[in-house]
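Number of protein chains: 2
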Amino acid sequence: MKHIKNLIIGCDWGTSFFRLRVIDSSTNSVLAELTSEDGIAKTNKKVEKESDRFGLFCEVISENLDALKTKVDFEIDSLTIVLSGMASSSIGMKELPYGHLPFGVRDAFGLDVEVFENNASFPNPLILISGLRDKHDVMRGEEVQLLGLAHLMEFSKEEETIIILPGTHSKHCFVKNGVLNHFQTYLTGELYQILSEYSILSNSVTKETLKAWTPKASEAFSKGVLDAKDSSMLVNLFKVRTNFLFSEMDKPENALYLSGLLIGEELGNISLPSDSRPIILCGGENMNVLYKKAVEALGIESRTQFVADDILIKSTIAGQSEVFKIHNKKLND
Amino acid sequence: MKHIKNLIIGCDWGTSFFRLRVIDSSTNSVLAELTSEDGIAKTNKKVEKESDRFGLFCEVISENLDALKTKVDFEIDSLTIVLSGMASSSIGMKELPYGHLPFGVRDAFGLDVEVFENNASFPNPLILISGLRDKHDVMRGEEVQLLGLAHLMEFSKEEETIIILPGTHSKHCFVKNGVLNHFQTYLTGELYQILSEYSILSNSVTKETLKAWTPKASEAFSKGVLDAKDSSMLVNLFKVRTNFLFSEMDKPENALYLSGLLIGEELGNISLPSDSRPIILCGGENMNVLYKKAVEALGIESRTQFVADDILIKSTIAGQSEVFKIHNKKLND
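Quick mapping for you: the protein sequence lines, in order, are chains A and B. Under our numbering, the residue at position 310 of the first sequence is numbered 310, and the numbers go up by one with no gaps. So our numbering is basically just the index in the second sequence, starting at one, shifted up by 1000.
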C-alpha cells in the first residue's frame, strides 16, 4: 500500500453525529469521508463504568476507521487523528477543561489540546482539542471553525469583526487583529424549536419547512425581525398567537414571523446605526436564507458578508489541519 | 326550601379547572363552593359534533350544580349563572367575539356578554361573558378580575395604574380614570416551564419547589432580575447553563436565577427611573414572593402595592356580581 505525505484524519464529533475525513493537511483537500450516527450522546450512553470511557470511545473510532479503510487504497493506520467538537466534553471520551480567552484565531494561542500517543491497542496518535470559555460562555468545536475560517478568508485588519455561527445555539465571536476576545451564545434555534413544539404557540405555527418564499412569507418574516426591536421578547412572542387568532397570518407565515422575531432579537445588539463593525455570517445554505432576509430588514447588508456552504464545511477541515501543523511544529522546534 | 335574595351562581371556568360558587351579590360573600376537574379542555374533548357543543357544556354545568345542591339548604335552581373565563372561547361552550377596548373597569363599558334564558332542559338563566382584545393581545377572565378589583380597592385618580396579573401568561393592564386602554401579555410563566423542562437548561436547574429562601437563593434570584437589564434574553438564558457548568450556582439557585431573568425581563419596561406610575401586583401567595423580590431588586417598591390572596380570589367573585348587577339594571331601566 502506498503512503501519502501530510495526511491526517479529521474527526468532527458532535452530539448526534460522527464524521471522519482523510485530509491532505497541505491543501485541505478531502481524500475520503465517512459519517455515522455514533454521536457523543449515543456513545456516552454505552459507558457503564467511568474507567471504560476512553477505551469505549476509542472502540467507536476504530469501528468507523475500519469502515473508512474500505474506501481508500492507501495506509491510514499510522495517521494522526485530530478530534474536535464534543469529544472533549463531560459526556465525551475525556473531559478537558475549557481554554481561556484571548484565543489566537491564526496561531491557536490559548487552545488546549491533549495528545495521546499510539499504542498496541490503538495504532493512531490522537490530538483531542478542548473548547474555550468566556466569563459567561462556552464553545466546543466553533474554535476550530474559527481557526479554519481565519485561514480561508481575510478578516478586517482595522476593525473588530463579528463572526456569527448560527444554529441551535448561535455563536457571536468578536475577533480583532487575529484575536478572539469575547463571544456570546444566543439560544435562538433552540428557543424556536421548543416554542413551536411545546408552547401555546405550537397551535399557531406549522412545523413543515417552507416550500417557497411568497411575498407574504417574506413580509411576515421581516415584520418579525422589525417587531423584535419594539418590545420585550416576552410580549412579542404572544403576538404569534394573536396573528393567528386574528387571521392576520396563516401558520406557515406565522412560523416565519416567530423565526424573524428570534433572529431579529439576536441581531438587535449589533444592528444599531452607530455600529460599523463588519459581520461575517456563517449560516450555510439553510440559515443564510433567513439571516440574509433579516440583515436586509435591519439595513445592515453593507456590513455583512455571507460565507458559502463549501467554505463553512471547509472551516472545520482547515482548522483541524492547522491544529495538526501547529502541534507538529512544536514537536520539531 | 327557603329563598335568599340577591343570590347568583358564579362559574369560573378555566382551561383545566371548573369552579361554582353561590354568591350573595350584595356583599360578595360566598355561601357555598364547589371545584372539579371538568376544565374547558377536558370538556371540549368530549364534543363530537359541533351542534352538540352548547348542550354538552350545559350538561357538565348541570352535573356540577347537582353536586353543589347537596351542600346548601336553599333553592338554587332559578339562580342566574354568571360564567367567566374560557367558557366563551373557541374551545368553550359558545365562542363569543372579543370585546374591544376601551373597557370600563367600574361600569363594564365595552364588555360583551350573551344571555341565555332558562328553559325546560336547563332551569338557570346564563350570562356568558366574553373576553377583550387589544391590537395585538387577548384576555378571557382577567376582565372580570379587573372589574372586581376596581370595586374592592382604589386605583390612582391622577395617574395611569399598571395592574399586573402574573402567571403562565402574565397580563399587564394599563388603567386610567377607570378605563382600561391597553394591555399586554408576557409569556413569562410558560417560558419558564418549557425552558426548565425541554431545553438544554433543564440539566442546570431543579424542578423541585423552593423550601427556604437562603441568602444565596435570594442573591441568585436578584442577580437574574438585574442581569435581564444588561443583555438580550437570548444571551442571558445561556448563562443559566454556564452558572451550573462553572459551579457558580447549584440547581435550586439556578432555577431561581432563571426565574429572576424572566421576571426581570417582564418588569424591565415599567421599571425605568423616569416611570412613576403606580403598580398593583396581583400575584397571590406564591407569585407575590417572587415579584416582591424582583420589585425590591429593581428599586420600585415605593410604586408597588401587592394584592393579598383573599382580595385576588374575591376579585373574580366581585366581578361576576358586578356583571350580574349591571345586567339586571339594564333589564329594569
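A virtual CB, placed ideally from N, CA and C, is assigned to each residue, including glycine.
Where B/T1304 falls: helix, strand or coil (DSSP): Of the three classes helix, strand and coil, the one that applies to B/T1304 here is strand, per DSSP.
Would you please verify whether the beta carbon of B/D1137 is less than 9 Å from any beta carbon of chain A? The C-beta of B/D1137 comes closer than 9 Å to at least one C-beta of chain A.
Tell me where the alpha helix (DSSP H) around A/K356 begins and ends. Nothing about residue 356 of chain A can be read from this structure; chain A reaches only from 1 to 333.
Does any residue of chain B have a CB that is nearer than 9 Å to the CB of A/Y291? A/Y291 does not count as touching chain B.
Let me make sure I understand the geometry here. Which of A/E114, A/I280 and A/V225 has the alpha-carbon closest to that of A/Q145? For A/Q145, the nearest C-alpha among the options comes from A/I280.
Just to confirm my understanding: we take A/E266, look at its own chain, exclude 5 residues before and 5 after, and list those with CB closer than 7 Å. What are they? Closer than 7 Å at Cβ, skipping near neighbours: S170, Y186 and T188.
Does A/T316 come out as helix, strand or coil in the three-state DSSP assignment? Here A/T316 sits in helix by DSSP.
Quick one: using the 10 Å Cβ neighbour count with 16 as the cut-off for buried, is A/H172 buried or exposed? Per the 10 Å Cβ criterion, buried.
B/K1239: buried (16+ other C-beta within 10 angstroms of its C-beta) or exposed? Buried, since its Cβ has 16 or more Cβ neighbours within 10 Å.
Between the alpha carbons of A/G314 and A/L298, how many angstroms are there, rounded? Residue 314 of chain A is actually Lys in this sequence, not Gly. Their backbone Cα atoms lie some 29 Å apart in a straight line.
With a cut-off of 9 Å, does the C-beta of A/V205 fall near any C-beta of chain B? Output row for A/V205: interface = no.
Should A/K157 go down as buried or exposed, given a rule of 16 or more other Cβ atoms within 10 Å for buried? It counts as exposed.
A/H182 lies in the beta strand (DSSP E); which residues open and close that run? In the DSSP assignment, A/H182 falls within the beta strand (DSSP E) that extends over V179 to Y186.
Enumerated in chain order, which unbroken segments of the alpha helix (DSSP H) with a length of 4 residues or greater are wholly contained in the segment 100 to 172 of chain A? Here the runs fully enclosed are 142 to 152.
Kindly indicate which three-state DSSP category B/L1281 falls into: helix, strand or coil? DSSP places B/L1281 within a strand segment (E or B) once states are collapsed to three.
Could you work out which residues of chain B lie near A/G189, taking near to mean beta carbons separated by less than 7 Å? What A/G189 touches in chain B: nothing, since even the nearest Cβ is about 10 Å away.
Does the segment 309 to 324 of chain A touch the segment 82 to 89 of chain A, meaning 3 or more C-beta pairs lie closer than 8 Å? Between the segment 82 to 89 of chain A and the segment 309 to 324 of chain A, the count of Cβ pairs shorter than 8 Å is three or higher; the stretches touch.
Where does A/T214 fall in DSSP's three states? DSSP, reduced to helix, strand and coil, places A/T214 outside both helices and strands of the structure shown, so it counts as coil.
Alpha-carbon to alpha-carbon, A/K293 and A/L262: For A/L262 and A/K293, the distance between alpha carbons rounds to 13 Å.
How many angstroms separate the CA atom of B/L1068 from the CA atom of B/S1090? Pairing B/L1068 with B/S1090, the inter-Cα distance amounts to about 27 Å.
For A/L226, would you say it is in contact with chain B, using Cβ-to-Cβ distances shorter than 9 Å as the test? No - not a single Cβ of chain B is within 9 Å of the one on A/L226.
Distance, Cα to Cα, B/E1160 vs B/G1014? Rounded to the nearest angstrom, the two C-alpha atoms are 29 Å apart.
Under a three-way DSSP split, which group does B/E1033 fall into? B/E1033 falls in the strand class under three-state DSSP.
What first and last residue would you give for the beta strand (DSSP E) that runs through A/F18? Run containing A/F18: F18 to D24, per the beta strand (DSSP E) assignment.
The beta strand (DSSP E) enclosing A/I8, as first and last residue numbers: L7 to W13 is the extent of the beta strand (DSSP E) around A/I8.
Is it the case that the Cβ atoms of B/V1307 and B/N1288 are separated by a distance below 9 Å? Yes; because the gap between Cβ atoms is below 9 Å, this pair is in contact.
Residues in the segment 256 to 273 of chain A having any Cβ partner in chain B nearer than 9 Å: Answer in chain order: L262, E265, E266, G268 and N269.
Whole angstroms are fine: how far does the CA of A/V175 sit from the CA of B/D1038? About 58 Å.
I want to know whether the segment 92 to 105 of chain A touches the segment 127 to 134 of chain A - three or more CB-CB distances under 8 Å. With a cut-off of 8 Å, the segment 127 to 134 of chain A and the segment 92 to 105 of chain A count as touching, because enough Cβ pairs lie within range.
Pop quiz: B/C1011 and B/I1164 are said to be a contact at Cβ under 8 Å. What is the actual Cβ separation, rounded to whole angstroms? The beta carbons of B/C1011 and B/I1164 sit about 25 Å from each other, so the pair does not count as a contact at 8 Å.
8 Å Cβ cut-off: residues of chain B touching A/Q194: Strictly speaking, residue 194 of chain A in this sequence is Ile, with Gln absent from that position. I1194, L1195, Y1198 and S1199, listed in chain order.
Quick check on DSSP: helix, strand or coil for B/L1191? B/L1191: helix per DSSP, three-state reduction.
Cβ neighbours of A/Q184 in the same chain (closer than 7 Å, five flanking residues each side left out): Scanning its chain for C-beta atoms nearer than 7 Å, with the 5 sequence neighbours on each side dropped, one finds around A/Q184 the residues D137 and H172, in chain order.
Own chain, CB closer than 8 Å to B/D1107, minus 5 neighbours either side, in chain order: Answer for B/D1107: G1178 and I1326, listed in chain order.
Runs of 3 residues minimum, wholly inside the segment 202 to 262 of chain A: which ones carry the beta strand (DSSP E) assignment? The qualifying runs do not exist here; there are none.
So, A/Y192 versus A/S271, is the Cβ gap smaller than 9 Å? Their beta carbons are not under 9 Å apart, which means A/Y192 does not touch A/S271 by this criterion.
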